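Accompanying notes for the structure given below.
Protein chains: 2
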Amino acid sequence: MCLPLGLHAVDMTLLESVVKRKETYKRGQLLFRAGDRFDFIYAIRSGSVKTSVSTLDGRVQITGFHIAGELLGLSALASGQYSNEARALETTSVCRVEAERLDELAQKIPSLQYQMMKIMSGQIRQDEELMLLLGRRTAEERLAEYLLGLSMRFAARNYSPTQFRLTMSRGDIGNYLGIAEETVCRILTRFQNAGLIATKRRDVSLIDLRQLAAVARMAPAA
Amino acid sequence: MCLPLGLHAVDMTLLESVVKRKETYKRGQLLFRAGDRFDFIYAIRSGSVKTSVSTLDGRVQITGFHIAGELLGLSALASGQYSNEARALETTSVCRVEAERLDELAQKIPSLQYQMMKIMSGQIRQDEELMLLLGRRTAEERLAEYLLGLSMRFAARNYSPTQFRLTMSRGDIGNYLGIAEETVCRILTRFQNAGLIATKRRDVSLIDLRQLAAVARMAPAA
DNA sequence: AGCAATGCTTGATATAGATCAAAATATATC
DNA sequence: GATATATTTTGATCTATATCAAGCATTGCT
């Protein structure tokens with residue numbers, strides 16, 4: 045099933061009725077753009093997606109990388125328009141829930157709204173973390189934290205937390221972390237020389253999680 | 045009334061029953077801290093509040109300044125604990141809604157949950173903007189945008205959009221914008237010399253909104 | 001298979017803004 | 001009302017990271 049919302053089985057069939065199944069996007073394809081009318085909430089089934097916002101003069105800030113089980117489009121609820129754009133990083137399969145039916149549906153399934161609020165609350169918390177990162181951390185800390193964050197998300201989905209493939213480019217990572225592409229490369233090299241990680245292009249192994257956490261100045265990734 | 049949620053009159057009386065009225069905080073007092081059990085949603089009646097998150101080693105990032113009509117504590121919903129801390133910048137009066145009664149209440153007033161979702165959705169959007177600011181803008185742009193943002197919020201509340209008092213210190217502003225306190229001062233001086241603003245300590249007048257918007261690289265503040 | 005396009009890496013140089021230091025002004029305290 | 005404390009401002013110097021530049025590796029395309 046598509047939406048990891050912890051609903052009762054009864055509610056599920058109701059929900060199924062508004063979920064349009066299995067849209068697929070190829071690498072580079074847009075799911076939606078900023079300013080588009082709010083049509084759907086998206087849930088990622090497989091693959092990965094980046095979301096971004098931009099200034100009028102064209103500078104872009106990537107605001108998140110999203111993998112299986114995560115929801116997209118929530119910030120459109122307030123205004124009826126998407127505020128960000130979402131683009132597939134690889135072949136990606138999603139479910140979509142029609143926005144219009146969402147109100148109507150929420151009346152019937154109170155727990156749905158509650159779950160969605162929880163998800164949005166979690167999103168706000170995550171955004172606060174990213175602000176802390178962008179405003180207060182050094183480039184090394186950012187990258188170490190980034191790798192550990194990915195690691196934990198993969199772990200939560202029963203993928204290897206120490207070996208994974210980055211679906212985003214160095215440029216995307218740098219943009220997301222507020223540092224230059226070249227700085228990303230240099231620091232990855234530094235980490236590699238220090239024996240913290242091994243990289244080969246987009247494949248990464250985390251070798252010394254404890255020391256990586258020390259660099260990130262976080263608690264060790266339990 | 046305290047909560048600007050656009051509810052029906054019928055619902056209002058219900059809501060009143062869970063709203064504890066009129067708590068007041070003095071400058072510097074804490075409303076809640078990160079890690080505290082999630083007790084209340086706060087709505088600001090008057091005054092102003094800063095919210096912040098911190099790293100384990102004590103670095104702080106201010107994530108917002110909040111004025112009358114705004115809600116605090118929403119990000120605690122997901123985990124049952126506040127993720128940030130909130131501190132009064134001046135004498136501040138708030139209403140509090142008990143978190144426990146919120147679930148129960150939401151069942152009775154479907155539109156309440158919907159309104160709260162809209163507010164949270166708006167918060168996510170605002171956070172995205174701040175990320176864009178922290179990740180991609182120069183110090184001058186940040187400060188110009190900051191002043192214009194305040195201006196718009198005051199305008200929306202029928203206060204003067206061109207003359208207001210900053211309730212936060214230069215240090216707070218710098219922290220929020222991800223720049224040093226000294227840089228805030230220098231740039232304010234630069235703006236003043238260029239005839240964009242006038243400052244006297246915490247009192248600010250915006251003189252040339254159009255040019256300020258040009259510096260911020262935003263659309264003119266309609 | 002071979003070529004083009006894209007993405008990654010490393011090096012050299014430049015700079016925005018941080019940090020350090022200290023004076024000037026305002027606010028709080030007794 | 002005087003002294004102490006905190007905030008703001010300005011100046012001098014330093015540094016982390018950006019930018020510019022060029023070569024290398026990989027992937028995709030015909």
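Protein chains in written order, with the numbering used here: chain U, 45 to 266; chain H, 45 to 266. Even glycine gets a Cβ: it sits at the ideal position worked out from N, Cα and C. The model shown is predicted, which means the values in this text are computed figures rather than measured ones.
Other residues of its chain near residue i: CB distance less than 6 Å, five sequence neighbours each side excluded
i      : result
R74/H  : The amino acid occupying residue 74/H in the given sequence is Leu; Arg does not appear at that position. Cβ within range, chain order: R131.
F76/U  : Y126, A130
D83/U  : A143
A224/H : G218
G108/U : T95
Cutoff 8 Å: residue i Cβ touching any chain U Cβ
i      : result
D80/H  : no
D252/H : no
Q105/H : yes
Q255/H : no
P264/H : Low local confidence applies: a pLDDT of 33 at P264/H is under 50, so the model's placement there is unreliable, and no value is given.
A258/H : no
K94/H  : no
T99/H  : yes
S213/H : no
A122/H : yes
R261/H : yes
L149/H : no
D171/H : yes
K70/H  : no
Beta-carbon proximity list for residue i, same chain, < 8 Å, skipping 5 on both sides
i      : result
S268/H : This structure cannot settle anything about residue 268/H, because the visible part of chain H is limited to 45 through 266.
L221/H : L177, L178, A183, R186, L187, Y190, V228
R201/U : I111, A112, G113
L256/H : A188, L191, L192, F235, L240, I241, L250
S195/U : P205, T206, F208, L250, L253, A265
DSSP bridge partner residues for residue i (one or two, in chain order)
i      : result
I111/U : S92/U
C139/U : A87/U
F208/U : V248/U
Y220/H : Its beta-bridge partners do not exist; DSSP assigns none.
F76/U  : A130/U
Y69/H  : T136/H
I106/H : S96/H
R81/H  : Q125/H
L118/U : L118/U pairs with nothing; no bridge assigned.
I241/U : L250/U
Closer than 7 Å: residue i CB and nearest the ligand PLP heavy atom
i      : result
A183/U : Looking for the ligand PLP in the displayed structure turns up nothing, as the structure carries no ligands at all.
8 Å Cβ cutoff, residue i in contact with chain H
i      : result
S249/U : no
Q329/U : This structure gives no information on residue 329/U, because the portion of chain U shown stretches from 45 to 266.
Y158/U : yes
V54/U  : In this prediction, V54/U scores a pLDDT of 49, lower than 50, which makes its location untrustworthy; the coordinate-derived value is nonetheless stated afterwards. Closer than 8 Å: no.
A224/U : no
R180/U : yes
L174/U : yes
P205/U : no
M196/U : no
D216/U : no
A130/U : no
A87/U  : no
L74/U  : no
L187/U : no
K66/U  : no
S137/U : no
Residue from the options with nearest C-alpha to residue i
i      : options                        : result
R89/H  : G239/H, L115/H, Q105/H, F82/H  : L115/H
H110/U : Q167/U, A224/U, D80/U          : Q167/U
Q105/H : R180/H, A242/H, A238/H, L174/H : L174/H
G113/H : T243/H, D216/H, T136/H, T107/H : T136/H
I85/U  : A242/U, I163/U, R214/U, R71/U  : I163/U
T68/H  : T95/H, C139/H, T107/H, G108/H  : C139/H
K244/U : R209/U, L156/U, D216/U, K94/U  : R209/U
D247/H : P205/H, Q151/H, R71/H          : P205/H
R71/H  : A122/H, K94/H, D80/H           : K94/H
A122/H : S165/U, S213/U, D147/U, G215/U : S165/U
M161/U : T99/H, R181/H, K66/H, G124/H   : G124/H
R103/H : V141/H, D216/H, S155/H, Q170/H : D216/H
T99/U  : T99/H, R180/H, S155/H          : R180/H
Bounding residues of the alpha helix (DSSP H) (the contiguous stretch that carries residue i)
i      : result
L176/U : 154-180
S195/U : 183-200
Cβ-based neighbour list, residue i, same chain, cut-off 7 Å, excluding 5 preceding and 5 following
i      : result
T211/U : S92, L133, E134
E185/H : V259, A260, R261
Q157/U : A150
R197/U : I111
I231/U : A183, E184, L187
Residue range of the unbroken beta strand (DSSP E) whose run includes residue i
i      : result
R131/H : 129-132
L253/U : Per DSSP, L253/U belongs to no beta strand (DSSP E); it is in the alpha helix (DSSP H), 253-260.
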